[in-house]
Each structure stands twice: as structure tokens, then as C-alpha cells.
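Sequential numbering of the sequence shown, starting at 30, is according to this note's numbering.
Where a beta carbon is used, it is the ideal one built from N, C-alpha and C, also for glycine.
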Amino acid sequence: MTVRSQPLNPDLSIIVVNWNTRDLLAQCLEAVAHDVETLEGATVETIVVDNASADDSVAMVRERFPWVRVVENESNLGFARANNQAIILAGGDSLLLLNSDAILLPGSLTGLLNCIDEAGHVGAVGPTLLNADRTFQASYSRFPSVTSCFVQLLGLARRIYGPYFPSASPQDLAGLQPADWIGGACFMIRRSAIEDVGLLDENMFMYAEEMDWCYRLGRAGWQVGYCPDVAVVHLGGASSGVVRPWVLARQWKSQLRFMRKHHGMAEALLIRAGVGVLGVTRTLFFASLALLWPGQRDLLLATSRANLNMALLRTNI
30 MTVRSQPLNP DLSIIVVNWN TRDLLAQCLE AVAHDVETLE GATVETIVVD NASADDSVAM
90 VRERFPWVRV VENESNLGFA RANNQAIILA GGDSLLLLNS DAILLPGSLT GLLNCIDEAG
150 HVGAVGPTLL NADRTFQASY SRFPSVTSCF VQLLGLARRI YGPYFPSASP QDLAGLQPAD
210 WIGGACFMIR RSAIEDVGLL DENMFMYAEE MDWCYRLGRA GWQVGYCPDV AVVHLGGASS
270 GVVRPWVLAR QWKSQLRFMR KHHGMAEALL IRAGVGVLGV TRTLFFASLA LLWPGQRDLL
330 LATSRANLNM ALLRTNI
């Protein structure tokens with residue numbers, strides 16, 4: 030298959046941030062190439078930002094996908110800062126932030142572009158995310174509150190809010206649907222919206238960046254939309270799973286920053302206290318289970334460490 034060279038003034042810029050996911054990145058870019066070929070009347074550029082991968086990701090991209098523009102970082106700058114690098118370099122009127130473990134299905138780009146062009150006040154849109162077996166994974170979500178944060182900390186969120194929390198459950202919908210926020214695995218946004226609200230918050234190293242962006246879009250008068258007729262496969266957690274003991278801490282650090290920015294110090298401190306108490310309690314609980322259940326010792330100790338990291342996290346709220 031032949032793919033055109035990068036256009037000087039593209040209609041769409043596709044941005045992929047990578048960290049040690051070489052094989053998944055190759056699948057992602059293959060799918061991008063195939064879907065770009067089906068676009069009519071739209072030009073596309075693709076930018077990969079590599080966060081100091083140690084798995085020859087950059088060499089693979091340059092060898093197999095020479096039409097892709099590569100930004101090679103010397104250290105892992107995180108999701109937000111790496112995407113911001115590419116956003117500044119990109120020339121598209123619309124930009125698609127795409128995870129390296131996301132695979133566009135035929136017509137995904139056309140569907141998302143049609144959604145974002147449906148009305149001038151639509152600033153960002155996202156598709157339905159599917160698991161590898163094409164079952165429903167996620168779509169859109171509501172913004173967190175103190176109540177939902179504590180329900181989540183207690184491990185009751187999926188019992189109370191549904192099995193797909195924090196996503197809404199699958200519904201039989203058609204056409205553009207309003208949403209509080211959409212996931213960053215596949216996130217299309219207008220350049221004019223970015224110019225209005227600014228770049229991603231780089232103080233959120235990973236997690237909650239897209240939530241914060243959507244909140245700022247809404248406050249500025251832009252609509253965030255979910256496109257139920259568009260589907261993208263998201264293999265999920267391929268990079269972050271490498272550092273599993275730190276995942277919970279990073280999730281809550283970003284969520285606490287979100288609550289501080291948009292709900293105030295009092296609510297953020299209340300949730301921080303809950304994170305500390307529940308983190309210590311869970312640390313001791315899973316450590317005790319590891320002593321009683323030697324067959325699951327490694328998994329239980331890893332879970333205990335993850336909760337300890339969460340309890341001791343440092344945050345600038």
C-alpha cells in the first residue's frame with residue numbers, strides 16, 4: 030500500500046504517543062494507514078512522539094512507516110506533555126489523539142470527522158471503545174464528584190454506577206450524543222477549541238488529562254460529543270501496565286488535581302484524606318492475605334505496594 034507524503038497544510042493531524050509498545054504501535058499505524066486511504070477530500074499527517082522507548086520503537090517507525098513524522102524524546106515526558114509537543118507542531122484544523130494500543134476500524138476517521146463537523150460548537154468528540162474481541166469497553170463518562178470518588182475508593186463504583194464505570198454503560202444510541210468527558214485513547218478536537226482553552230495540563234503526568242480538557246471546553250462553551258456510530262478497538266493499559274505499582278497513585282494524583290482545580294481545596298483535601306486512609310487499610314489487608322495465601326503471593330504483594338504508593342502519594346493540591 031502506498032501512502033502519500035505528509036501534506037503541508039493537512040485537514041487532520043493524527044498524534045500517537047508511544048512508550049515501549051513497538052508491536053502495538055505498528056498495528057496502530059497500519060490501521061491508520063488503511064483508514065487514511067479511505068478518506069475522501071481530506072488530507073492527513075501523522076506524528077509519533079516517542080517517550081524514550083527502549084524497544085526500538087523509533088527505528089521500527091522510521092523503517093516501516095517513513096511517512097510518519099517522529100519526535101524522539103530523551104526521557105519519558107508523560108502523556109500530556111508529549112501530546113502538547115505534537116499539538117504545537119501539528120498543522121491540522123482537527124487533531125486526533127490516538128493511543129498506541131488503539132486500532133482504527135474502517136471508516137473511523139470519516140465518522141469522527143463527520144461528528145466534529147456536525148455543528149460549529151462541537152469542540153471534541155470520541156468513539157465507542159471496544160475490547161479486542163469487539164465487546165463494549167467504554168464510551169463517555171460523567172465528571173467525578175466527592176461522592177463518586179469515595180464510592181470508587183470503597184470499591185463499590187461498579188456495583189452502584191454500573192459494570193463499565195467510569196464509562197457509561199452501552200446504550201442503543203445513534204448520532205452525536207452530548208457527554209461530560211471522553212477518553213483519551215481516541216480523542217478528536219478542533220484546533221480552534223485548543224486555541225480557546227489551551228493545551229493539556231502537563232501537571233497531570235498521566236490519567237485525567239482528557240477529563241480536565243473536556244471540563245475546560247464545557248466552561249468555554251464548547252460541546253463535547255460521543256459518536257456511538259463510530260468504533261475503535263482499544264487494547265487497554267499496554268504501556269501503563271509495565272509500572273503497575275504506580276498506576277493507582279498516578280490516577281489519584283491526577284484526579285485530585287482535577288478536583289482542586291474545578292471544585293476547590295476543601296473537596297480535594299477531603300478526598301486526599303480518604304485516599305490516605307483507604308490506601309493504608311488496603312495495604313495492610315493485601316499484605317496479610319499474601320501471608321495467608323502463598324499461591325497468590327506475588328499478585329497480592331503487588332496490589333499491596335500499589336495501595337501503599339497511593340496512600341503515600343505526594344500531590345501539589
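Bridge partners - residue i, DSSP secondary structure assignment
i, result
"phenylalanine 216", "Leu126"
"cysteine 256", "Pro156"
"serine 196", "Ser170"
Residue i - DSSP class collapsed to helix/strand/coil
i, result
"serine 42", "strand"
"serine 104", "coil"
"alanine 295", "helix"
"leucine 190", "One point to set straight first is that residue 190 is tyrosine, not leucine, in the sequence displayed. The answer is helix: DSSP assigns tyrosine 190 an H, G or I state."
"tryptophan 48", "coil"
"threonine 176", "helix"
"glycine 236", "The sequence as given places tyrosine at residue 236; glycine does not occur at that position. Correct three-state label for tyrosine 236: coil."
"asparagine 160", "coil"
"tryptophan 210", "strand"
"threonine 139", "helix"
"arginine 110", "helix"
"histidine 63", "helix"
"aspartate 241", "helix"
Contacts around residue i, its chain only, beta-carbon distance under 8 Å, and the 5 residues preceding and following it disregarded
i, result
"valine 227", "Contrary to the premise, residue 227 reads as glycine rather than valine in this sequence. Only Arg245 meet the Cβ criterion."
"asparagine 105", "Trp48, Asn80, Ala81"
Same chain, Cβ closer than 6 Å to residue i, neighbours up to 5 away in sequence not counted
i, result
"serine 129", "Val45, Asn47, Thr50, Leu53, Leu54, Cys57"
"alanine 60", "Ile132, Leu133"
Nearest-angstrom beta carbon gap, residue j and residue i [assumed within contact, 8 Å]
i, j, result
"asparagine 102", "alanine 81", "5 Å"
"valine 306", "methionine 339", "11 Å between Cβ atoms; not a contact."
Same chain only: Cβ atoms within 7 Å of residue i, ignoring 5 sequence neighbours per side
i, result
"glutamine 280", "Tyr236"
"leucine 229", "Ala109, Asn112, Asn113, Glu238, Trp242"
"glutamate 224", "none"
"proline 195", "Ser170"
"alanine 278", "Asn338, Met339, Leu342"
"proline 39", "Thr72, Val73, Glu74, Gly120, Gly121"
"leucine 318", "Leu329"
Q) For the region 312–327 against the region 184–200, are there 3 or more C-beta pairs whose distance is under 8 Å? A) no
Q. Within the chosen definition, does the region 246–258 reach the region 194–207 through at least 3 CB pairs nearer than 8 Å?
A. yes
Q: Spell out a yes or no on whether the region 146–156 and the region 212–225 are touching, meaning 3 or more CB-CB pairs, one atom from each, closer than 8 Å.
A: yes
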